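Visitor: Have a look at this one.
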Amino acid sequence: MRSFLLLTTALACGLPIPAAAAEAGANFHLTGHPVGALALALFVLAYVAVVLEEHIRIAKSKPVMLAAALIWGLIAWQTRGGAGGPAAASDAFQAMFLEYAEIFFFLVVAMTYVTAMGERNVFEALRAELTRRRLGYRALFWITGAIAFFISPVLDNLTTALVMSAVVLAVGGGQARFATLALINLVVAANAGGAWSAFGDITTLMVWQARKAEFFDFFRLFLPSLVNWLVPAVAMHFALPKGLPESLPGRVHVKPGGIGICLTFALTIAITVAGKQWLGMPAAYGMLTGLALLNLLASRIDRSQRRYALAQGTEEEPYSIFRIIANAEWDTLLFFYGVFGCVGGLAALGYLELASHTVYGALGPTVANAAMGVLSAVIDNIPIMYAVLQMNPPMDEAQWLLITLTAGVGGSLLSVGSAAGVALMGASGGRYTFMRHLRWSWAIALGYVASIALHLALNGS
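All residue numbers for the sequence shown refer to my numbering, where the first residue is 47 and numbers rise by one.
Below, the structure written as structure tokens:
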């Protein structure tokens, strides 16, 4: 739903060129041709289907993948007799696909680690430890928000929000006001935390891979991101109920190998950063190296479990990382492919170049970047960032960091503006809704403005 509005709005302005397509110089100038209009219509129809996913019961990846195939088919058909022949469309598609492939393998490995840690009860142990302590509602509000802010740079905002929402609902789900405010706080904190790390969000990963900022440059967004979370959190603090929730009995222990998986994940991140910063290798290189290490660790866990089962006279199902990979969120991964394909196709048709001149040329980078962040509350921030990278407007590093910040935290303005918010609406059992979030959008907007002002003051422009 959010991605659909990007293209409709940007089309009014003209959307961007995929970074890879832009670098390849693929612009067939077909915005005024019937093929260009048909491709745009296909994209709009695909996103209408995404918006209506729950009503038509079709997974969101299917319509955008089909639209991407049809758009590129139209491009290839229209350009087959032009300069460069069929190879021109093929080269543009391959450039776009390579960009997607790098992010795809990064996400697959990250999802595998998170799922593996969940299977070893790492997150359940964290939840049990927090619920065991006799903490008041206000203390839990701040602790869960702080944890979300500091772990989302590693896990990602969606996983962080889901993990911490389990804590909130387990401890204070019976107190409706606390649950609502704590869940809103989680969404804001997870999105803000993901903005100051190259690993925290797909948009930051895209900026890093496009070499618009180096890994350690993202840390310059730490204070603006912190302010983005703290301003609405302070406002909500005074509306929180006082008192203590009921304590929950029992403790949860991390399964054997769980700590090892966490340490291996940390090593994987270190390898990825070192490979990118000092060897010039793409992020997927380090992550796939980490997957190899995880597979070796999994073999050890499997042997240990088999020995224990044999000693107990029972049978143990083999422990396999490939079984964990099979449980990844494939609909989401393929949805990203459809988005990349559609936006890349529209870029090759010339829409994104038109958008770059219209939006950034007319408004200037600061206002345009702030507006893009607000737009990400309605549209998906991934196609927005992809579109900006494809437009490749002339901006200095401070402005590239600004669009990274605004695209990352702008989705907090509405409950539908980020994957974290959408997920919690489904997982909260009615405690977190669009309208309940909207009541606090004014406070979140204050944090959004404050974070932009602080970034411009600290990092210049």
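Idealized CB from N, CA, C, for every residue including glycine. Keep in mind it's a predicted model, so treat the numbers as computed, not measured.
Tell me the start and end of each unbroken alpha helix (DSSP H) in the stretch 197-278 that is at least 4 residues and wholly inside, in chain order.
Guide: Complete alpha helix (DSSP H) runs here, min 4: 203-218, 222-240, 248-255.
Visitor: Where His299 and Ile307 are concerned, what is the direct C-alpha to C-alpha distance, given to the nearest angstrom?
Guide: About 15 angstroms.
Visitor: Please name the residue in Ser461, Gly475, Thr450, Trp488 whose C-alpha comes closest to that of His501.
Guide: When each option's Cα is compared against that of His501, the closest is Thr450.
Visitor: Does the Cβ-Cβ distance between Met327 and Val155 come in under 9 angstroms?
Guide: Going by C-beta atoms, Met327 is not nearer than 9 angstroms to Val155.
Visitor: Please state the DSSP three-state secondary structure of Ile149.
Guide: Looking at Ile149 - three-state DSSP - the assignment turns out to be helix.
Visitor: By DSSP, does Ala105 sit in helix, in strand, or in coil?
Guide: Residue state, collapsed to three classes: coil.
Visitor: Can you tell me where the alpha helix (DSSP H) holding Phe382 begins and where it ends?
Guide: Taken as a continuous stretch (DSSP letters only), the alpha helix (DSSP H) holding Phe382 covers 376-395.
Visitor: Measure the C-alpha to C-alpha separation of Ile394 and Thr314 and round it to an integer number of angstroms.
Guide: Before going on, a small fix: residue 394 reads as Ala here, not Ile. Those two C-alpha atoms are separated by around 35 angstroms.
Visitor: What does the alpha-carbon distance come out to for the pair Met252 and Phe143?
Guide: C-alpha separation (whole angstroms): 14 angstroms.
Visitor: Do three or more CB pairs link the stretch 248-268 to the stretch 210-225 at distances below 8 angstroms?
Guide: With the cut-off at 8 angstroms, the stretch 248-268 and the stretch 210-225 do not touch.
Visitor: Between which two residues does the alpha helix (DSSP H) containing His483 stretch?
Guide: Unbroken alpha helix (DSSP H) run through His483: 480-484.
Visitor: Between the Cα of Lys106 and those of Tyr494, Met157, Asn438, Leu380, spot the shortest distance and give me the residue it belongs to.
Guide: Selected option, being the one with the closest Cα: Leu380.
Visitor: Could you tell me which of Tyr331, Gly475, Ile102, Phe139 sits nearest to Gly119, measuring between CA atoms?
Guide: Of Tyr331, Gly475, Ile102, Phe139, the residue nearest in Cα terms is Phe139.
Visitor: Which value, in whole angstroms, describes the spacing of the CA atoms of Pro199 and Met282?
Guide: When rounded, the distance between both Cα atoms is 23 angstroms.
Visitor: Ala85 to Leu340, Cα distance in whole Å?
Guide: Going by the C-alpha atoms only, they are around 42 angstroms apart.
Visitor: Are Phe386 and Glu165 close, meaning C-beta to C-beta below 9 angstroms?
Guide: No, these two residues do not count as a Cβ contact at 9 angstroms.
Visitor: With H, G and I counted as helix, E and B as strand and the rest as coil, what does DSSP make of Leu339?
Guide: The answer is helix: DSSP assigns Leu339 an H, G or I state.
Visitor: Looking only at its own chain, which residues have a Cβ that is under 6 angstroms from the Cβ of His483, when we skip the five neighbours before and after it?
Guide: Closer than 6 angstroms at Cβ, skipping near neighbours: Ile230, Ser461.
Visitor: Got a sec? Which residues, its chain only, sit under 7 angstroms from Met441 by beta carbon, not counting five neighbours each side?
Guide: Once the five neighbours on either side are set aside, the close Cβ partners of Met441 are Pro411.
Visitor: Any chance you could list the beta strand (DSSP E) runs of at least 3 consecutive residues sitting entirely within the stretch 404-434, in chain order?
Guide: As far as the stretch 404-434 is concerned, it has no whole beta strand (DSSP E) run of at least 3 residues.
Visitor: Return yes when the Cβ of Phe382 is within less than 9 angstroms of the Cβ of Leu98, no when it is not.
Guide: Not in contact: Leu98 and Phe382 (Cβ atoms no closer than 9 angstroms).
Visitor: Output the distance between the C-alpha atoms of Gly82 and Val277, rounded to the nearest integer angstrom.
Guide: Taking the straight line joining both Cα atoms gives about 44 angstroms.
Visitor: Measure the C-alpha to C-alpha separation of Thr404 and Ser458 and round it to an integer number of angstroms.
Guide: Going from the Cα of Thr404 to the Cα of Ser458 covers about 26 angstroms.
Visitor: State yes or no: is the C-beta of Ala207 within less than 9 angstroms of the C-beta of Leu470?
Guide: It is a contact, given that the beta carbons lie within the stated cut-off.
Visitor: What does the Cβ neighbour count give for Gly303, buried or exposed, with the cut at 16 atoms within 10 Å?
Guide: Buried: at least 16 other Cβ atoms inside 10 Å.
Visitor: Sort Trp275, Ala423, Ala355, Phe262 by Cα distance to Trp324 and report the nearest one.
Guide: When only C-alpha atoms are compared, the closest one is Phe262.
Visitor: Locate the alpha helix (DSSP H) running through Asn505, then write down its first and last residues.
Guide: Run containing Asn505: 487-505, per the alpha helix (DSSP H) assignment.
Visitor: Taking the alpha helix (DSSP H) that Lys13 belongs to, which residues open and close that run?
Guide: No information on residue 13 is available, as it lies outside the stretch 47 to 507 that the chain covers here.
Visitor: Pick from Asn427, Leu504, Val495: whose alpha carbon is nearest that of Ala520?
Guide: Nothing about residue 520 can be reported from this structure: the residues present for the chain run from 47 to 507 only.
Visitor: Please go through the same chain and pick out, in chain order, the residues whose beta-carbon is closer than 6 angstroms to the beta-carbon of Ala489, but skip the five residues on each side of it.
Guide: The residues are Pro278, Ala281.
Visitor: Take Leu286 as the anchor and find which of Arg223, Thr205, Gly359 has the nearest alpha-carbon.
Guide: Per the Cα distances, Arg223.
Visitor: For Leu88 versus Leu267, is the C-beta distance shorter than 9 angstroms?
Guide: No, the Cβ-Cβ distance between Leu88 and Leu267 is not below 9 angstroms.
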